[in-house]
Amino acid sequence: MGGVPEPHTGWTFVTNHARVLAAIADDHNVRIRDIAAHCRLTERAVQKIIADLERDGYLSHTREGRSNTYRIDPGKVLRHPAEAGLTVASLLSLLVQDEVDRSGSGTPEAAAPEARAGEADSGA
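Using the working numbering, read the sequence shown as starting at 28 and increasing by one per residue.
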């Protein structure tokens, strides 16, 4: 898994911040290296995005040995005025449902990111 991912040129509908958040919602103990590979970003870019999300209260983490456990605030409202009132949980439900549809694995956990985002609440 070494090396820098292939660069993407042009625009996309989903931001890198949303991709990173969705990767963390899928696995609260995911490594930065794995997020980077999944999202096709550099590890440094993922670190910066995580710092942005933590600074603005969308994400927090606790250190457990050599790894991090992330906690997403599912009730946090999205930043852009056009999405006023929409929560992180609603965004994640769209992104995770798309992953389920594309992978063909209709697991109940994947269809309910609010429950997964809240799981870390009880453990932290």
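In this text, a Cβ means the ideal position worked out from N, Cα and C, and glycines have one as well.
Measuring C-alpha to C-alpha distances from L86 to each of D100, L68, R93 identifies D100 as the nearest. R98 sits in a strand when the DSSP states are folded into three classes. In the three-state reduction of the DSSP assignment, H65 falls in the helix class. As computed with DSSP, S87 is found in a beta bridge with R98. Here the alpha carbon of L119 sits roughly 12 Å from the alpha carbon of V104. A49 is positioned such that its CB atom lies no closer than 8 Å to that of L113.
For R46, the enclosing alpha helix (DSSP H) begins and ends at 43 to 53. In the DSSP assignment, V104 is bridged to T114.
Within the model, the alpha-carbon separation for R90 versus T96 is close to 6 Å.
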